[in-house]
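Enquirer: In the numbering used here, the protein residues as written are 1 to 313. Below: one structure in structure tokens.
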Amino acid sequence: MPDEREIAAHAVPARRRSGAARGMGRGLSAILSVSAPAEPGAPVDELRELHVDLIAPNPRQPRRRFEDETLQALAGSVRERGVLQPVLVRPLPGGSYELVAGERRWRAAKLAGLETVPALVRPREDAQALEVALIENMAREDLNPIEEAHACAALVEELGLTREEVGRRVGRSRVAVSNLLRLLDLPDEAIELIEAGHLSEGHGRALLLSEDHADRRSLARSAAAEGWSVRVLEARARESGRAGRPEASGASGTAAPKVHPDQAAAAQELADALSTALGHDVHVRAHAGGYRAELRLDSLDSGLDLAARLRGS
Numbered sequence: 001m002p003d004e005r006e007i008a009a010h011a012v013p014a015r016r017r018s019g020a021a022r023g024m025g026r027g028l029s030a031i032l033s034v035s036a037p038a039e040p041g042a043p044v045d046e047l048r049e050l051h052v053d054l055i056a057p058n059p060r061q062p063r064r065r066f067e068d069e070t071l072q073a074l075a076g077s078v079r080e081r082g083v084l085q086p087v088l089v090r091p092l093p094g095g096s097y098e099l100v101a102g103e104r105r106w107r108a109a110k111l112a113g114l115e116t117v118p119a120l121v122r123p124r125e126d127a128q129a130l131e132v133a134l135i136e137n138m139a140r141e142d143l144n145p146i147e148e149a150h151a152c153a154a155l156v157e158e159l160g161l162t163r164e165e166v167g168r169r170v171g172r173s174r175v176a177v178s179n180l181l182r183l184l185d186l187p188d189e190a191i192e193l194i195e196a197g198h199l200s201e202g203h204g205r206a207l208l209l210s211e212d213h214a215d216r217r218s219l220a221r222s223a224a225a226e227g228w229s230v231r232v233l234e235a236r237a238r239e240s241g242r243a244g245r246p247e248a249s250g251a252s253g254t255a256a257p258k259v260h261p262d263q264a265a266a267a268q269e270l271a272d273a274l275s276t277a278l279g280h281d282v283h284v285r286a287h288a289g290g291y292r293a294e295l296r297l298d299s300l301d302s303g304l305d306l307a308a309r310l311r312g313s
């Protein structure tokens, strides 16, 4: 660890940012909003050279896996060309900094033996820093589906965003966000297989067709070991679900409707929207070529109150 004088020498401001960050992608520049503030006295970004040991990783970073081979390749590029795109940090008490965006670049710089990295320093509240970190990571194509799911979950749970708001921020549909969040309902073993790249997001959605957690684990293990396609896994998951639900067939022997995971997610979105609008629990399920919405009432009086409200009286 370098002494304080050496570190301080590497934390001298290089220049203030008054225009768009050079070299940043258009989408990321818009997310980070690096243009000059319109109001006098508002915080201004500073481009500084910071010692790598002054920077701490973001504890709420959605990326869970940093592939060593990829980091080594990036470190090789950094040795030859330097860090071309600044990391984004926010100041912490005591003179240290926390990463908001750019952890792979920071890790690669450390691997490459660099003592300093270029950094945009911007004061941020915790919630704002979290949102930027999550959206910056979602904007990249190398997150695995589970990391994307954790990022969406954090935007929903910690920032209180709706799934539709999350979708608008990350450029996904509401159903796509719901599908990602549903992956977190899978057993740990299945999640690990998706994180490692042995199963895809489509495989994960197919596993959700089986309602039994143990079956999901077994199916995930088999799909990864035998290289099943998503369609094969969907068929096996449906068979597993029917085997575990003998009551799914009525007296006539008619099988319960088959629902694709995307349709199931859309049905859940509809149920959530109806529940919010009506103030009562609503369940939506496939039924006889269409869908049935079931409303749960605590009492007949609550049903009458709802009917009166819907009539506008």
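Here a beta-carbon is modelled for each residue, glycine too, at the ideal position from N, C-alpha and C. These numbers come from a predicted model, not from an experiment.
Do residue 208 and residue 264 have their C-beta atoms closer together than 9 Å?
Expert: Cβ atoms of residue 208 and residue 264: closer than 9 Å.
Enquirer: So, with DSSP's three-state summary, where would you put residue 83?
Expert: Residue 83: coil per DSSP, three-state reduction.
Enquirer: Among residues of its own chain, excluding the 5 on either side of residue 312, which ones have a beta-carbon nearer than 6 Å to its beta-carbon?
Expert: Once the five neighbours on either side are set aside, residue 312 has no close Cβ partner at all.
Enquirer: By the three-class DSSP mapping on this structure, what secondary structure does residue 204 have?
Expert: Reduced to three states, the DSSP call for residue 204 is helix.
Enquirer: Given this structure, state the Cα-to-Cα distance separating residue 194 from residue 164, to the nearest angstrom.
Expert: When rounded, the distance between both Cα atoms is 25 Å.
Enquirer: Near residue 152, what residues of its chain come up, given a Cβ to Cβ distance below 6 Å and the 5 sequence neighbours on each side ignored?
Expert: Same-chain partners within the cutoff: 166, 177, 180, 181.
Enquirer: What whole-angstrom Cβ distance do residue 132 and residue 89 have, given they're in contact under 8 Å?
Expert: Going by Cβ atoms, the distance from residue 132 to residue 89 rounds to 11 Å, so no, they are not a contact pair.
Enquirer: Below 9 Å between beta carbons: does that hold for residue 49 and residue 116?
Expert: In contact: residue 49 and residue 116 (Cβ atoms closer than 9 Å).
Enquirer: Quick check: what's the CA-CA separation for residue 150 versus residue 200?
Expert: Going from the Cα of residue 150 to the Cα of residue 200 covers about 16 Å.
Enquirer: Taking the straight line between their C-alpha atoms, what separation do you get for residue 93 and residue 99?
Expert: Residue 93 and residue 99: Cα-Cα distance of roughly 14 Å.
Enquirer: Less than 9 Å separating the beta-carbons of residue 287 and residue 296?
Expert: In this structure, residue 296 does not lie closer than 9 Å to residue 287 by Cβ.
Enquirer: Short check: CB of residue 217 to CB of residue 196, under 9 Å?
Expert: No; because the gap between Cβ atoms is not below 9 Å, this pair is not in contact.
Enquirer: Rounded C-beta distance between residue 112 and residue 87? I'm assuming under 8 Å.
Expert: Contact doesn't hold; Cβ gap of about 14 Å is too wide.
Enquirer: Per DSSP, which residues does residue 121 bridge with? Please list them.
Expert: DSSP, once it has assigned bridges, lists 46, 89 as partnering residue 121.
Enquirer: Suppose you measure from the CA of residue 186 to the CA of residue 161; what does that come to, to the nearest Å?
Expert: Roughly 23 Å between the two C-alpha positions.
Enquirer: Can you give the Cα-Cα distance for residue 293 and residue 228, rounded to whole angstroms?
Expert: In a straight line, the C-alpha of residue 293 is about 34 Å away from that of residue 228.
Enquirer: Taking the DSSP output, what are the residues bridged to residue 55?
Expert: BP columns for residue 55 point to 97.
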